[in-house]
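First up is the structure itself, then whatever we jot down about it.
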Amino acid sequence: MKTKLTLTIEKSVIEKAKEFAGNSGKSLSEMVERFLEKEISEAELQQANIPEEFKGLFGSVNLPAELNEKEAIREILSQKHAE
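For what it's worth, the UniProt record's numbering labels the leading residue of the sequence shown as 1, then goes sequentially.
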């Protein structure tokens, strides 16, 4: 069942998205739906790979959006091996 959804998005983004959708022969609704399905699917797959004993911890820590995990790991390892 399809349901209407109202989103608030920058006008320039909407204009570019409509043009992109038109050029690809799809509606903007189809593109948004496919994007959301892909994101949800990837998140579910990621969640499925987490051991059961850790699933309860998921989302309990709020990390900064700008955190670079690979760089943080490198820094921790370099500090560990410097000792």
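Quick reminder that beta carbons are idealized off the backbone N, C-alpha and C, glycines included.
Item                                                                          : Value
Reduced DSSP category for Ile14 - H, G, I as helix; E, B as strand; rest coil : helix
Proximity below 8 Å, CB of Leu28 to CB of Ala43                               : no
DSSP state of Lys4 mapped onto helix, strand, coil                            : coil
Gly59 (DSSP reduced to helix, strand or coil)                                 : coil
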